[in-house]
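**Q** Heads up, the sequence shown is in full-length UniProt numbering, so the first residue is 1 and it goes up one at a time. Here a beta-carbon is modelled for each residue, glycine too, at the ideal position from N, C-alpha and C. Okay, handing you the structure first.
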Amino acid sequence: MTGFGLIGCGAIADVHLKAMADTDGARIVEVASRDRSKAQQTGERFGCSWTTDYTQLLKRPDIDVVCVCTSSGSHGSIGRDVLKAGKHLIVEKPIAMTAAEASAMIELARQSGLVLSVISQSRFNEHHRLVKQVLEEGRLGKLLLLEISRPYYRDQSYYDSADWRGTLAEDGGALMNQGIHSIDLLLWMAGKVSSVIGRVATQTHRMEAEDIGLALLTFQSGAFASVMCSTSMVPGYDPTFHLYGEQGSIKIEGTRIVHWSVPGVPLPDLDHLSEAGSSASNPRNVSHTYHKQQIMDVIGAIREGRPPAVTGEDGRDAVRLIELIYASSASEGKAMGWE
């Protein structure tokens, strides 16, 4: 039995805890939150102990893995504390607010022989995995163009709900918070980026970070990609992901394949498997289905001595791409090379 602890008892914590409770071989040991009421209520709801001091949680010998579900700006510092305590780490996206901070976490995990995995539950969606398989098999031929769009909506009350929301240091904007899921899928599907042109703006909200981010990417393979992530698009729409190759094309809308033109490969019936829900206009509408699969993968990685399906390096690459979009925008659209 693998013992789990969780730090941060906000909305996403319930998704993690439901996933743990539903996973054979996982046991919820303790949760921690600075908010005593949240810690107690969460602990009672999931039948585990609770604390307001996460350093006490890290001292428990019956906890093997810790999930960090705090505000984004604290992922790096708390994540390092988890690794220094000798615990395996699952950290919500983004891994950290800078690629440099992510690198420090990756090195600490490597030195300690610990598993570090960044939440990217979309990779475990059966539709996405099928597309990844088709690309690896070369069924679309040379990849030409990828388009990702995440036209979400968050009203002002969402950003006013906590003083850290919408700040660059603690939360990030439409790219770092919402769009990072699509960005991770893009990098997973298309590989290494060579250059980035980006623009960001704050169009409709009172906040520091961007509520729209746009980018044009060039990959080392020669493929191009366009990126659009926003939290201003009323009433909010499911994300889309379109892939074009020399021999065919695929379109994903929400969590499902809606267009499939792959020579010699019929589209299997996967609809009965997808239960992700849509958070296009409601950030709380997230199923624990794919979080469960990622938790199962981490347990397997620990037992088998292998890397997890989503590594710290994967999480760092997504943050690095967003940093380059910011840098390009700050230079009025100058192309930024991936170094």
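So, helix, strand or coil for LEU108, using DSSP?
**A** Position 108 of the sequence shown, counting from 1, holds the residue named residue 108. Per DSSP, reduced to three states, the secondary structure at LEU108 is helical.
**Q** How long is the line joining the alpha carbons of LYS142 and LEU321, rounded to whole angstroms?
**A** As a first step, residue 142 is located in the sequence shown; it is residue number 142 there, counting from the start. As a first step, residue 321 is located in the sequence shown; it is residue number 321 there, counting from the start. LYS142 and LEU321: Cα-Cα distance of roughly 23 Å.
**Q** Tell me which residues share the same chain as HIS288 and place their Cβ nearer than 6 Å to its Cβ, disregarding the 5 neighbours each side in the sequence.
**A** As a first step, residue 288 must be located in the sequence shown, where it is residue number 288. So the qualifying residues of the chain are VAL15, LYS18 and ALA19.
**Q** Quick check on DSSP: helix, strand or coil for THR255?
**A** Residue 255 sits at position 255 when you count from the first residue of the sequence shown. Three-state result, THR255: coil.
**Q** Name, in chain order, the residues that DSSP records as bridge partners for GLY248.
**A** Translated into the one-based positions of the sequence shown, residue 248 becomes position 248. None; GLY248 has no bridge partner.
**Q** Quick check on this structure: which residue in ALA109, ILE257, THR55 and GLN294 has the alpha carbon closest to the alpha carbon of GLN121?
**A** As a first step, residue 121 is located in the sequence shown; it is residue number 121 there, counting from the start. Nearest of ALA109, ILE257, THR55 and GLN294 to GLN121, Cα basis: GLN294.
**Q** Does the Cβ-Cβ distance between ILE148 and VAL227 come in under 7 Å?
**A** Against the sequence shown, residue 148 aligns to sequence position 148. Against the sequence shown, residue 227 aligns to sequence position 227. Going by C-beta atoms, ILE148 is nearer than 7 Å to VAL227.
**Q** Over the uninterrupted alpha helix (DSSP H) stretch that includes ARG316, give me the two end residues.
**A** For the purposes of this step, residue 316 is taken as the residue at position 316 of the sequence shown. Bounds of the alpha helix (DSSP H) holding ARG316 are 312 to 330.
**Q** Report yes or no: do the stretch 164 to 173 and the stretch 236 to 245 share at least 3 C-beta pairs separated by less than 8 Å?
**A** no
**Q** ALA109 to GLY337, Cα distance in whole Å?
**A** Position 109 of the sequence shown, counting from 1, holds the residue named residue 109. Position 337 of the sequence shown, counting from 1, holds the residue named residue 337. Cα to Cα, the separation comes out at about 28 Å.
**Q** Kindly indicate the opening and closing residues of the beta strand (DSSP E) around HIS291.
**A** Working through the sequence shown from its first residue, we reach residue 291 at position 291. Segment 289 to 304 is the alpha helix (DSSP H) holding HIS291; no beta strand (DSSP E) there.
**Q** What are the residues that DSSP puts in a beta bridge with PHE4?
**A** For the purposes of this step, residue 4 is identified with residue 4 of the sequence shown, where counting begins at 1. Partner(s): ILE28 and VAL65.
**Q** Nearest to GLU332 by alpha carbon, out of SER112, ILE28, GLN220 and VAL200?
**A** Numbered from its first residue, the sequence shown carries residue 332 at position 332. Among SER112, ILE28, GLN220 and VAL200, the Cα nearest to that of GLU332 belongs to VAL200.
**Q** Under a three-way DSSP split, which group does THR42 fall into?
**A** Locating residue 42 in the sequence shown gives position 42, counting from the first residue. Of the three classes helix, strand and coil, the one that applies to THR42 here is helix, per DSSP.
**Q** From ALA215, THR204 and GLY198, pick the residue whose C-alpha is nearest to that of TYR159; which is it?
**A** Start at 1 with the first residue of the sequence shown, and residue 159 comes out as number 159. For the residues ALA215, THR204 and GLY198, the minimum Cα distance to TYR159 belongs to THR204.
**Q** Taking the alpha-carbon of TYR290 as reference, which of LEU168, GLY10, THR255 and ASP269 has the nearest alpha-carbon?
**A** The residue given as residue 290 occupies position 290 in the sequence shown. Measuring from the Cα of TYR290, the nearest candidate turns out to be THR255.
**Q** What did DSSP end up calling ARG199 once you bin it into helix, strand or coil?
**A** The residue labelled residue 199 in the question sits at position 199 within the sequence shown. In the structure shown, ARG199 sits in a strand (DSSP, three-state: E or B).
**Q** Could you check where the alpha helix (DSSP H) with ARG129 kicks off and where it finishes?
**A** Looking up residue 129 in the sequence shown gives position 129. It spans 126 to 136 - the alpha helix (DSSP H) in which ARG129 sits, taken as one unbroken run.
**Q** What are the partner residues of TYR153, as DSSP defines its beta bridges?
**A** For the purposes of this step, residue 153 is identified with residue 153 of the sequence shown, where counting begins at 1. According to DSSP, which records beta bridges pairwise, TYR153 is partnered with SER232.
**Q** Are the CB atoms of ALA32 and THR51 within a distance shorter than 7 Å?
**A** Here residue 51 is taken as the residue at index 51 of the sequence shown, counted from 1. Here residue 32 is taken as the residue at index 32 of the sequence shown, counted from 1. Yes.
**Q** Quick one: using the 10 Å Cβ neighbour count with 16 as the cut-off for buried, is LEU58 buried or exposed?
**A** For the purposes of this step, residue 58 is taken as the residue at position 58 of the sequence shown. Flag for LEU58 reads buried.
**Q** So the beta strand (DSSP E) ILE212 belongs to, where does it begin and stop?
**A** Walking along the sequence shown from the start, residue 212 turns up at place 212. Element bounds for ILE212: 212 to 219.
**Q** From which residue to which residue does the beta strand (DSSP E) around TRP50 run?
**A** Counting from one through the sequence shown, the residue named residue 50 turns up at place 50. Following the DSSP letters along the chain, one finds TRP50 inside the beta strand (DSSP E) bounded by residues 49 to 51.
**Q** Throw me the rounded Cβ distance for the TYR152 and SER230 pair, which I believe falls under 8 Å.
**A** As a working mapping, residue 152 is identified with position 152 in the sequence shown. As a working mapping, residue 230 is identified with position 230 in the sequence shown. Confirmed, Cβ separation roughly 6 Å.
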